[in-house]
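Here is the structure we will look at.
Residue numbers (the numbering used here): 830 to 1243.
Here it is, written out as structure tokens:
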């Protein structure tokens, strides 16, 4: 544990310092190279401008081609740069490194084409003639605003790289010194905070083991002291909360266990999350948490209800017969957790009472129907005889109420 904590802290600073140092070296290398290229490009432009000025001061003719080529070669050796003079058609008139008669047409070269458009041409590419990477800068030689020739100056990229490497070496040396100093500081810092972190780690492990009496006391007055104080406050709160949660959990388990209704909770993978004792009366089996419910419950009615709820993602309430008992099963789908909660309410006795009631009503209705029919027959017979007005009035009342009783019996039989 000691090596792990210490080297995690020290290693983080080590890799961060190395990464930053490497990034600084890379950025510096890029900036130095870019600066050297820009600086060399300005020098080449000045060289080309000097050559172009000398060309415009002296009239150019076919007879002067050899002397111009000789002048260009001498100048190129003096300034350590390659100079090329190209006419409007792209033909090389003079070159400080090669025989212009043997050189190919340069009209399509990027920097040459840019110069003939009246701009300063610039391009970095591999020279097929010399077989090396070179930086080219070309400027137009104009007369009466018309470009007649192009002077191109170039240098080997390796010359630029030599200067860049020297500067990069110095930057690398400085970076190494800074890196060493930073690592020493990181080592000291890691050792300083190692002790308190180890103590906090040990205390956290004890809290994870439900030992909320642990406290961390640090002497130094810094952020770690604040962390330790906050940790102590947290353990006090956790001790109270844990006690309260334990009490509530025990009460909840007691309530659920005492329920007469069977309770079954399934997760999204149809594994058993929770059951109570009353569920055993429903299934006749013990269900273990974490197992698939269909490994234990094999009643088709329950399986069909669970599959229907899972497919519809809606709540369902159905009557299910299991082992000769009738249950009103309420299946609730919890969308947020993809869980299903099933509550089994035993309504076997209720259905038996309803059956007894139905049979009683049916028997009573049949028993009443026969005498009422007879009474109705006698009333019809009496109605055909000679009766006084008062007798006929009483008979109408009896007839009306008899018909009402017959209708009531019919409704009971429906």
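All C-beta atoms, glycine included, are put in the ideal place defined by N, C-alpha and C. Since the model is a prediction, treat every value here as computed from it, not as a measurement.
Query                                                                                                                                  : Result
What does DSSP give as the partner residue(s) for residue 1150 in the beta ladder?                                                     : 1155
How about residue 873 and residue 983: do their beta carbons lie closer than 8 Å?                                                      : yes
What whole-angstrom Cβ distance do residue 979 and residue 944 have, given they're in contact under 8 Å?                               : 4 Å
Just the C-alpha distance for residue 999 and residue 857, rounded to the nearest angstrom, thanks.                                    : 11 Å
If distances are taken between C-alpha atoms only, which option among 1116, 1159, 1012, 1095 comes closest to residue 1106?            : 1116
For residue 1019, count neighbouring Cβ atoms within 10 angstroms of its own Cβ and tell me buried if that reaches 16, exposed if not. : buried
Could you spell out where the alpha helix (DSSP H) holding residue 1042 opens and where it closes?                                     : Where residue 1042 is concerned, there is no enclosing alpha helix (DSSP H), given that its DSSP letter is neither H nor E.
So, helix, strand or coil for residue 1126, using DSSP?                                                                                : coil
Counting pairs of Cβ atoms below 8 Å between the region 1020-1031 and the region 1047-1054, do you hit three or more?                  : yes
Report the three-state DSSP secondary structure of residue 1174 (helix, strand or coil).                                               : strand
Just checking my contact of residue 876 with residue 923 at CB under 8 Å: how many whole Å lie between their CB atoms?                 : Contact doesn't hold; Cβ gap of about 14 Å is too wide.
Let's see if you can read the secondary structure: which residues bound the beta strand (DSSP E) around residue 982?                   : 975-985
When burial is assigned at 16 or more other CB atoms within 10 Å of the CB, is residue 1219 buried or exposed?                         : exposed
Give me the residue from 1192, 1235, 1178 with the minimum Cα distance to residue 1206.                                                : 1235
Which residues share a DSSP beta bridge with residue 1100?                                                                             : 1121
Across which residues does DSSP place residue 911 in a beta bridge pair?                                                               : 983
Across which residues does DSSP place residue 972 in a beta bridge pair?                                                               : 975
Among 846, 1119, 1112, which one has its Cα closest to the Cα of residue 1101?                                                         : 1119
Can you give me the C-alpha to C-alpha distance between residue 868 and residue 843, rounded to a whole angstrom?                      : 37 Å
State the DSSP-derived secondary structure class of residue 1161, mapped to helix, strand or coil.                                     : strand
Relative to the alpha-carbon of residue 914, which residue among 929, 1228, 906, 1055 has its alpha-carbon at the smallest distance?   : 929
What whole-angstrom Cβ distance do residue 1174 and residue 1157 have, given they're in contact under 8 Å?                             : 5 Å
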